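Q: Throughout the sequence shown, residue numbering follows the numbering used here, covering 36 to 423 in sequence.
Here's a structure for you.
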Amino acid sequence: MITEEVILPTLFQQQRLGSIGKITVVSRRGATIEHLRQVFPSEKFAGFPDPAKVDSNSSQAEGYKDAVKKLPKPGVIIVATPDHLHTPVILSAIEEGHHVIVEKPLCLKVNEVYQIAEAASKNAVYVLTDYHKRHDPSIRGAKYKYLLGELGQMLHGHAWIEERREMPLKHFARWCEESSPFEYIGVHYVDAYYFITGLKPKRLVAFGQKKLLPQLGKNAFDAVQASIEWEDGSVFWVQTAWVCSEHNSALTNQGLQLLGTEGEYWADHKDRHCHFVTQKNKYEDYNPNFFKTFNSWEPEEDFEVRGYGYESIVQGINDIALLYQQTAGLDVNEAHLRRKQIIKKLEPKRALPNQALIGTAVNEAVRLSLANNDHYVSFDSKMNPLLS
Ligand SMILES: NC(=O)c1ccc[n+]([C@@H]2O[C@H](COP(=O)([O-])OP(=O)(O)OC[C@H]3O[C@@H](n4cnc5c(N)ncnc54)[C@H](O)[C@@H]3O)[C@@H](O)[C@H]2O)c1
36 MITEEVILPT LFQQQRLGSI GKITVVSRRG ATIEHLRQVF PSEKFAGFPD
86 PAKVDSNSSQ AEGYKDAVKK LPKPGVIIVA TPDHLHTPVI LSAIEEGHHV
136 IVEKPLCLKV NEVYQIAEAA SKNAVYVLTD YHKRHDPSIR GAKYKYLLGE
186 LGQMLHGHAW IEERREMPLK HFARWCEESS PFEYIGVHYV DAYYFITGLK
236 PKRLVAFGQK KLLPQLGKNA FDAVQASIEW EDGSVFWVQT AWVCSEHNSA
286 LTNQGLQLLG TEGEYWADHK DRHCHFVTQK NKYEDYNPNF FKTFNSWEPE
336 EDFEVRGYGY ESIVQGINDI ALLYQQTAGL DVNEAHLRRK QIIKKLEPKR
386 ALPNQALIGT AVNEAVRLSL ANNDHYVSFD SKMNPLLS
């Protein structure tokens, strides 16, 4: 879904702009490649598995290994497999010395974050988690004003992110039982609270409901909520679901409220006060900020894509291009040292593994709380979740 809707349109645009060269899409099934060729009939990309050579519905789970080995440098691996299948792809990319952009969350276990961080550090490789909400101007604005002190000290906050039922029933029918609406989308707002405040979570308690999806043949949560206490004593409530009505006016209800000792922030991230009503699509809330296609300003181009979904991936591509530019012509050891310096400088400002750790730790703690009758879960000094 994200590959079709955001990643590929971003890459095709960067290709047109000359910032990247060849693109290879690797999936499990040739049918996915066939589908993408229908969606993007005039774009050039290689596809694996090749539907002309194998049964397009047979599953090739290991094909990425060969593709990673074959990728020439400079290159970048973008990982957009389901949440529970990120780690093996990331590790095989790092092993080949490739830089990585991975869809959020980085992975689902704290120990895997450390495994990834260690491998990345050993090979001086850049691993960016695409927490695209960090690029939403409305969240960047909250961070800017929080850091100016205009909100004072955090007291509490509330985030809601809830999607239409087509997500577990149609798009993620194969993997919704391995995930939850908290792991898949709630983590965006956990990362946003951390991004805005720099605070780390201290303990949490989670709740989940399985009422509708089991009736529809899926042993998956309809909704999951967590109340997270942070190191300064502030509390953040995150409510998530993926069984909203199919008639909802956008795929995702979402928003954030924060209260500090000096002020508040309130944003409806779904309703940007912009909607269309058409014969084709009925009523639709329209978020021009996330990822949309517009007419291009360039005389030779018909359209362009823009938004925080685009900017977030392009930031990773640009960082990786910089790493290659700055190490061109250096010998292996010098290049390794230079990459380490560049990555260290970027670290405070990017969702590299040390920052992506927070979302993963909270996801793992929520899973632990749910599995233990909504027990409190705290974190040790390395952010490992512990049953309280
Ligand atoms: N859908 C969104 O709007 C969205 C937004 C932000 C981030 N994400 C994240 O992006 C990731 C992918 O989500 P999605 O919505 O695109 O899911 P999806 O189920 O639509 O797509 C996942 C794809 O990964 C492929 N895959 C699985 N195992 C593979 C393997 N071993 N080798 C190659 N391909 C393999 C599947 O065949 C499928 O095509 C998830 O981590 C998700 O949390 C999704």
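Where a beta carbon is used, it is the ideal one built from N, C-alpha and C, also for glycine.
Quick caveat, the model's predicted, so the values are computed rather than measured.
Measure the C-alpha to C-alpha separation of F9 and N368 and round it to an integer number of angstroms.
A: Examination of residue 9 is not possible in this model, given that the chain is present from 36 through 423 alone.
Q: Counting along the chain, where does the beta strand (DSSP E) carrying N288 start and finish?
A: As a first step, residue 288 must be located in the sequence shown, where it is residue number 253. Its beta strand (DSSP E) spans residues T287 to G295.
Q: Ends of the alpha helix (DSSP H) at V124?
A: Numbered from 1 along the sequence shown, position 89 holds the residue referred to as residue 124. Per DSSP, V124 belongs to the alpha helix (DSSP H) from T122 to E130.
Q: What separation, rounded to the nearest whole angstrom, lies between the Cα atoms of D303 and V103?
A: Within the sequence shown, numbered from 1, the residue matching residue 303 stands at position 268. Within the sequence shown, numbered from 1, the residue matching residue 103 stands at position 68. So the alpha carbons of these two residues sit roughly 40 Å apart.
Q: Can you tell me the Cβ-Cβ gap for A194 and L291, rounded? I've got them flagged as a contact below 8 Å.
A: Within the sequence shown, numbered from 1, the residue matching residue 194 stands at position 159. Within the sequence shown, numbered from 1, the residue matching residue 291 stands at position 256. About 5 Å; that satisfies the 8 Å criterion.
Q: Name, in chain order, the residues that DSSP records as bridge partners for L421.
A: For the purposes of this step, residue 421 is taken as residue 386 along the sequence shown, with counting starting at 1. Paired residue(s): S413.
Q: Is L52 near ligand 1 - that is, is its Cβ less than 7 Å away from at least one heavy atom of it?
A: Within the sequence shown, residue 52 is the residue found at index 17, counting from 1. Checking every heavy atom of ligand 1 against the Cβ of L52, none is found closer than 7 Å.
Q: Decide if V312 is buried, meaning its Cβ has at least 16 other Cβ atoms within 10 Å, or exposed.
A: Stepping through the sequence shown from its first residue, residue 312 is reached at position 277. Per the 10 Å Cβ criterion, exposed.
Q: Is D165 helix, strand or coil when you go by DSSP?
A: Working through the sequence shown from its first residue, we reach residue 165 at position 130. Strand.
Q: In the DSSP output, which residue or residues are listed as bridge partners for K327?
A: The residue given as residue 327 occupies position 292 in the sequence shown. Paired residue(s): R341.
Q: What are the uninterrupted segments assigned as beta strand (DSSP E) that are 3 or more residues long and contained completely in the segment 161–205, given in chain order?
A: Fully enclosed beta strand (DSSP E) runs of 3 or longer: 162–165 and 189–199.
Q: CB-CB under 6 Å to V278, same chain, minus the five flanking residues each way: which ones, in chain order?
A: Locating residue 278 in the sequence shown gives position 243, where the first residue counts as 1. Counting only Cβ-Cβ distances below 6 Å, and skipping sequence neighbours, we find R200, L247 and D257.
Q: Taking its Cβ as the centre, do 16 or more other Cβ atoms sit within 10 Å of A406, making it buried, or is it exposed?
A: On the sequence shown, position 371 is the one that residue 406 refers to. It is exposed - the Cβ of A406 has fewer than 16 other Cβ atoms within 10 Å.
Q: For G344, would you say it is in contact with chain B, using Cβ-to-Cβ distances shorter than 8 Å as the test?
A: Absence of chain B from the displayed structure is noted, only one protein chain being present.
Q: With a 10 Å radius around its C-beta and 16 neighbouring C-beta atoms as the bar for buried, classify P236 as buried or exposed.
A: Residue 236 sits at position 201 when you count from the first residue of the sequence shown. Buried, since its Cβ has 16 or more Cβ neighbours within 10 Å.
Q: Could you check the C-alpha separation between H310 and M36 for me, to the nearest Å?
A: Reading the sequence shown from its first residue, position 275 is the one you call residue 310. Reading the sequence shown from its first residue, position 1 is the one you call residue 36. Those two C-alpha atoms are separated by around 23 Å.
Q: Buried or exposed for F329, going by 16 or more other Cβ atoms inside 10 Å?
A: Numbered from 1 along the sequence shown, position 294 holds the residue referred to as residue 329. So F329 ends up on the exposed side.
Q: Please specify which runs of the beta strand (DSSP E), each continuous and at least 3 residues long, are wholly inside the segment 57–87, giving them in chain order.
A: Taking only runs of at least 3 residues, the beta strand (DSSP E) segments lying wholly in the segment 57–87 are 59–61 and 81–83.
Q: Between the Cα of W210 and the Cα atoms of A241, G252 and I174, which residue gives the shortest distance?
A: Within the sequence shown, residue 210 is the residue found at index 175, counting from 1. Comparing Cα-Cα distances from W210 to each of A241, G252 and I174, the minimum goes to G252.
Q: Tell me the residue span of the alpha helix (DSSP H) that contains L403.
A: By 1-based counting over the sequence shown, the position of residue 403 is 368. From DSSP, the alpha helix (DSSP H) with L403 extends over P388 to A406.
Q: Skipping 5 residues on each side, what residues in its chain have a beta carbon closer than 8 Å to that of G56?
A: The sequence position of residue 56 within the sequence shown is 21, counting from 1. Within the same chain, G56 has close Cβ partners Q50.
Q: Which parts of the segment 134–161 are runs of the beta strand (DSSP E), unbroken and 3 residues or longer, counting only runs that do not cross its ends?
A: The segment 134–161 contains these whole beta strand (DSSP E) runs: 134–138.
Q: Less than 8 Å between C-beta atoms, sequence neighbours within five positions excluded: which residues of the same chain meet that for V397?
A: Mapped onto the sequence shown, residue 397 falls at position 362. Answer for V397: V222, V225, P236, L239, A261 and I263, listed in chain order.
Q: So, H134 versus V114, is the Cβ gap smaller than 8 Å?
A: Stepping through the sequence shown from its first residue, residue 134 is reached at position 99. Stepping through the sequence shown from its first residue, residue 114 is reached at position 79. Taking 8 Å as the Cβ cut-off, H134 and V114 do not qualify as a contacting pair.
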